[in-house]
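**Student:** Okay, so the first sequence: first residue is 2 according to our numbering, each after it adds one.
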Amino acid sequence: MEVYFQMVLDAEALRKTCAELENEKFLGFDTETTELDPYKGELRLLQFSNGRSTHVIDLRAFNDPKNNPDLAPLRVLLSDPSHIKIAHNSKFDAKWVRNHLGVEIEGIYDTFLASQLISAGDQDRRHSLADVAQFFTGTELDKSQQVSDWSANELSHSQVEYAARDAAIMVPLREQVADRVQSDQLNDVAELEFNCVLPLAEMEITGFNLDEGRWREQLEKVKIAQAKAADELQDMLSAGVAQASLFGRAEINLDSQQQVTDALLNLGVPVPNTTRAWELQPLAEKYPVVGKLLEYRGVAKSLSSFGENILEYIEPKTGRIHADFRQIGAPTGRFSCSNPNLQQIPHDEQYRRCFTSPPGRKLVIADYSQIELRILADFSDDANFIKAFVSGEDFHKTTASQVFNTPPENVTPEQRSFAKRLNFGVVYGIGASRFAMMTGLSQTEAENTMRRYFGTYRGLDSYLRESGRKVIAERQARTASGRMMRLRFDESDRQQVGAAKRNGVNMPIQGTSADILKIALRLLHESLRGTSGKLVNIVHDEIIVECDASEAEATAVKLEAAMRRAGERYVKKVPVSVDVHCADEWTK
DNA sequence: GTGAAGGGCCAC
DNA sequence: AAACGTGGCCCTTCAC
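1) Is DSSP giving Ser-159 helix, strand or coil here?
2) For a minimum of 4 consecutive residues, which ranges assigned as the alpha helix (DSSP H) are wholly contained in the region 204-290?
3) Is Val-579 closer than 7 Å to Tyr-369 when the C-beta atoms are compared?
4) For the beta strand (DSSP E) holding Phe-326, just list the boundary residues, first then last.
5) Confirm the yes/no value for this check: CB of Pro-332, any heavy atom of the ligand SAM, distance under 6 Å.
6) What did DSSP end up calling Val-591 once you bin it into helix, strand or coil?
7) For Thr-480, which option in His-323, Gly-122, Ser-83 and Val-575 has the closest C-alpha, if you only look at C-alpha atoms?
8) Select from Leu-142, Ser-149 and Lys-559 the residue whose C-alpha is nearest the C-alpha of Ala-169.
9) Does the region 148-163 come within contact of the region 174-194, defined as at least 3 CB pairs closer than 8 Å?
10) How many Å lie between Gly-334 and Gln-328 at the Cα?
11) According to DSSP, simplified to helix, strand and coil, what is Ile-322?
12) At which residue ranges does the region 334-362 contain complete beta strand (DSSP E) runs of 3 or more residues, listed in the order of the chain?
13) Excluding the 5 residues flanking Glu-448 on each side, which residues of the same chain have their C-beta closer than 7 Å to its C-beta?
14) What are the start and end residues of the beta strand (DSSP E) that includes Asp-123?
15) Grouping DSSP H, G and I as helix and E and B as strand, with all else coil, what is Lys-26?
16) Measure the alpha-carbon distance for Ala-245 versus Glu-252 and round it to whole angstroms.
17) Is there contact here, the region 77-87 with the region 18-33, by at least three beta-carbon pairs under 8 Å?
18) Sorted by chain position, which residues of the same chain lie with C-beta nearer than 7 Å to Leu-524's C-beta, five sequence neighbours on each side aside?
19) Report all residues from its chain with a CB closer than 6 Å to the CB of Gly-512; omit the five preceding and five following residues, and keep chain order.
20) Work out the CA separation of Lys-293 and Glu-233 for me, nearest whole Å.
21) For Thr-407 versus Ala-389, is the C-beta distance shorter than 7 Å?
22) Per DSSP, which residues does Ser-50 bridge with? Please list them.
23) Which residue marks the beginning of the beta strand (DSSP E) containing Tyr-110, and which one marks its end?
24) Would the beta-carbon of Thr-112 fall within 7 Å of that of Val-172?
25) Under the three-state reduction of DSSP, which class applies to Asp-585: helix, strand or coil?
26) Might you give, ordered along the chain, the residues of its own chain that have their beta carbon closer than 6 Å to the beta carbon of Gln-7, omitting 5 neighbours on each side?
27) How long is the line joining the alpha carbons of Lys-41 and Gly-430, rounded to whole angstroms?
28) List, from N- to C-terminal side, the alpha helix (DSSP H) runs of 4 residues or more that fit wholly inside the region 404-448.
29) Please identify the residue among Ser-120, Leu-295, Thr-588 and Lys-559 whose C-alpha is closest to the C-alpha of Tyr-595.
30) For Ser-381, which option in Asp-542, Leu-304, Leu-461 and Ile-109 has the closest C-alpha, if you only look at C-alpha atoms?
31) Is DSSP giving Thr-34 helix, strand or coil here?
32) Could you tell me whether the region 440-447 touches the region 469-480, where touching means 3 or more Cβ pairs closer than 8 Å?
33) Mapping the DSSP letters down to three states, classify Asn-69 as helix, strand or coil.
34) Quick check on Leu-266: buried or exposed, where buried means 16 or more other Cβ atoms within 10 Å of its Cβ?
35) Looking only at its chain, what residues have a beta carbon closer than 7 Å to the beta carbon of Gln-117, apart from the 5 residues adjacent to it on each side?
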C-alpha cells in the first residue's frame, strides 16, 4: 500500500498542517513511542490522516514539547471533540499525549474497543490493528516496524512510512467498523466505551499510592507465620513417612498437590478428588494435619501473590502503582486489571490499609450497594423483590422475612444467611446441590428452600426462566446499553446448554453493572475537571478518588452524584444506593 | 530454559 | 436431574 505523507518538522509546517486538518470531522490518529511505558520513554511521532493525505509530526524537532508554544495548534486539535480522532487502543495514545503534551484527547473513536464489542465475547478473535484491518477491510498490514528503534536520530524511510500508513488506514477502517457497530445495534455501548477511555488513561497515569513501609511490615508478619506453618505442616506430614525415623524429617514440597496428597494418604486421611479448601474444610476437625494444610495455604498465597513482588511495580518517578486496566476485560464488559491486579487485593484490612493517600490528600471511597441485585429487581419487575429494596431495610433480612413468612424481627441469623446466599446465588444461576453444599442443608432441604424462595418471587422466577429460554433461542445476551455476548453451545449437549444458559442469564446483570460503572466514570471525570480530584482505582462496583484534604467533602458529593446518576440511567424501579466515605487508607 | 495447562485462590 | 458468573497470579508439572 502506497501512502502519501508529509513530515512536519517546524512550527510553520505544523500550523499549516493543523489548519488543513481542522476542516476534517474524522482524523486517523496514531503515535510512535520509544517505550511502552509513558513514564519511561519518549513520545516521538504523532500521525494524522484524513484518508487522502497524511502528516507525520516528529516531536523531536520541537524543544520541550510539554511547554512549547509552537505546539499550541496541535493541542487545540487534540482537545477539540468536534474532530474525531480515530485510533486503535486509544488509551495508549491518550496516556502519552497526557504525559508528554499535557492535554487530553477529546473526541475518540476507538477501533480496538469497537472490534471487541462486535466480536461479542468471542475469545478466539484477535484485536491487534493488523487483525482488525484484515478482518474489516481485507488489508494486509506489515507490522514489522512496530518494534523498531524509534529513538534513532534519523528515522528510516520504511519506519516513517509505516507510521504514516497506520494513521492512513484508520479512516477507511472506521467506515467499515462503524457500519457493523450500527447493524449490530452497538452504538450506545460504543459511545459509552469511547467516553471511558480518558478517565481510564488519566487513572493509569495517576496511579494508586502504596505505602511501601507499611506493606513491608505486613510482609514480615506473614513471612514469620508462613515459616511457622510450613515447619509444623512438614512435621505433621512426614510423621507417616517411613524415612522420617531413619534420615530425620522427609522433606516434601508443600506447594506440590501431588506430594501433599500422597503424604496425606500415608497418614490415612481420606483425600477427596480435589484438595480445594472447601472440600478439605470438613476434614479439618478430625484430622489436624488438614487444618494445618489450610492454614499454610492461606499464608503461602498471601506471601506469593501479595508479597514483595507488588513493590516492584512502584514507579520510581511517582512512587505509585500504575496498573494496566483492560477496558473490556471480560465479555460481560467488566474491567480486568494486571501488573499488578488491583482488583484482587485481599479485603483484609492489613492489606488494604497499605494503600493510602499521601500527606495533605484524602481518599474518597464509594461503592454501589448491591447493584447487581437491584438490576435484577429492575429487570425482573418482581413486586416483592422490588418492595424489599424500596423498604430501605436490611435487604437480606427483608427477603428472609418474605421467604420464611415471618416478621423481620423474628428472622433468625440462619434464615438471613440462607436468603443472602440465595440472593447472590440466583444471579449466577445456582443449583440446589451447590446451595446444599454451601449451607450444609441436605439436598431435599435445599430444594425446599429454593422452592420457597422462587414461590415468594414468582416474577423473578419467570424472568430467569424467560431470560434463559431467550438466550438459548437467540444464542446471544445483551445488557441495558446493548452490549452483546454471543453464546456457543452444542444443543444436544445438556451440560453445554446449561452452562450457556447460566452464562447468558448472568451476563445482562453483570454487564449492566459494568455499563453503569463506565457511565459513572465519565460523569465523574467531567465533574472532577479543575479540581484536585483524581481517579485512582476501580473494583467493579467501587470507585476510589484521591483529592486534596480540603476538597474531600466536595469530592465525595461529586462522586456519589456521578455514581447515582449513572445507576439511575438503567435502574428505575428501585433506588440506587451508593455508600461513600473519606479516609486516609483504603479501608471501610 | 520456556511455555502451556491445570490446580488453587484472591477479588467482585 | 439440575454442579455458580467474570477476571489475574502463583505454583507445579510436563512437553518441547
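Ideal Cβ placement from N, Cα and C applies to all residues, glycine included.
**Tutor:** The short version:
1) Stepping through the first sequence from its first residue, residue 159 is reached at position 158. In this structure, Ser-159 counts as helix in the three-state DSSP scheme.
2) 213-239, 244-248, 258-267 and 278-281
3) Reading the first sequence from its first residue, position 368 is the one you call residue 369. Reading the first sequence from its first residue, position 578 is the one you call residue 579. Yes, these two residues count as a Cβ contact at 7 Å.
4) The residue given as residue 326 occupies position 325 in the first sequence. Run containing Phe-326: 325-327, per the beta strand (DSSP E) assignment.
5) Ligands in the displayed structure: none, and consequently the ligand SAM is not present.
6) The chain is shown from 2 up to 589; residue 591 falls before or after that span and cannot be answered.
7) Within the first sequence, the letter at position 479 stands for residue 480. Thr-480 has its Cα closest to that of Gly-122, out of His-323, Gly-122, Ser-83 and Val-575.
8) Residue numbering aside, residue 169 sits at position 168 when the first sequence is read from its first letter. Nearest C-alpha to Ala-169: Leu-142.
9) Output reads no: the region 174-194 does not touch the region 148-163.
10) One-based indexing of the first sequence puts residue 334 at position 333. One-based indexing of the first sequence puts residue 328 at position 327. About 8 Å.
11) By 1-based counting over the first sequence, the position of residue 322 is 321. Of the three classes helix, strand and coil, the one that applies to Ile-322 here is strand, per DSSP.
12) Within the region 334-362, the runs of beta strand (DSSP E) that reach at least 3 residues and sit entirely inside it are, in chain order, 337-339.
13) The residue labelled residue 448 in the question sits at position 447 within the first sequence. Ala-433.
14) Residue 123 sits at position 122 when you count from the first residue of the first sequence. Careful: Asp-123 lies outside any beta strand (DSSP E) and carries neither H nor E.
15) Here residue 26 corresponds to residue number 25 of the first sequence, with the count starting at 1. Three-state DSSP puts Lys-26 in coil, outside helix and strand.
16) Position 244 of the first sequence, counted from the start, is the residue given in the question as residue 245. Position 251 of the first sequence, counted from the start, is the residue given in the question as residue 252. Per-residue confidence for Ala-245 stands at a pLDDT of 48, beneath the threshold of 50, marking its modelled position as unreliable; no derived number is given.
17) yes
18) As a first step, residue 524 must be located in the first sequence, where it is residue number 523. Ala-563, Arg-566 and Ala-567.
19) Indexing the first sequence from 1 puts residue 512 at position 511. Closer than 6 Å at Cβ, skipping near neighbours: Thr-333, Gly-334, Thr-480 and Arg-484.
20) Locating residue 233 in the first sequence gives position 232, where the first residue counts as 1. Locating residue 293 in the first sequence gives position 292, where the first residue counts as 1. Straight-line Cα distance between these residues: approximately 8 Å.
21) What you label residue 407 is simply residue 406 of the first sequence in a count that begins at 1. What you label residue 389 is simply residue 388 of the first sequence in a count that begins at 1. Their beta carbons are not under 7 Å apart, which means Thr-407 does not touch Ala-389 by this criterion.
22) Start at 1 with the first residue of the first sequence, and residue 50 comes out as number 49. In the DSSP assignment, the residues bridged to Ser-50 are Gly-29 and Thr-55.
23) Taking the first sequence and counting its residues from 1, one reaches residue 110 at position 109. Per DSSP, Tyr-110 belongs to the beta strand (DSSP E) from 109-111.
24) Here residue 112 corresponds to residue number 111 of the first sequence, with the count starting at 1. Here residue 172 corresponds to residue number 171 of the first sequence, with the count starting at 1. Cβ distance not < 7 Å, so Thr-112 and Val-172 don't count as in contact.
25) By 1-based counting over the first sequence, the position of residue 585 is 584. Three-state DSSP puts Asp-585 in coil, outside helix and strand.
26) As a working mapping, residue 7 is identified with position 6 in the first sequence. Closer than 6 Å at the Cβ level, and outside the excluded window around Gln-7, lie His-56.
27) Numbered from 1 along the first sequence, position 40 holds the residue referred to as residue 41. Numbered from 1 along the first sequence, position 429 holds the residue referred to as residue 430. Lys-41 and Gly-430 have their C-alpha atoms spaced approximately 46 Å apart.
28) 414-429 and 433-440
29) Nothing in the structure corresponds to residue 595, since the chain is present only between 2 and 589.
30) Reading the first sequence from its first residue, position 380 is the one you call residue 381. Comparing Cα positions, the closest option is Leu-461.
31) Along the first sequence, one-based indexing puts residue 34 at 33. Correct three-state label for Thr-34: strand.
32) no
33) Position 68 of the first sequence, counted from the start, is the residue given in the question as residue 69. If DSSP states are grouped into helix, strand and coil, Asn-69 belongs with coil.
34) Position 265 of the first sequence, counted from the first residue, corresponds to residue 266. Flag for Leu-266 reads exposed.
35) Counted from its first residue, the first sequence places residue 117 at position 116. His-128 and Ile-329, listed in sequence order.
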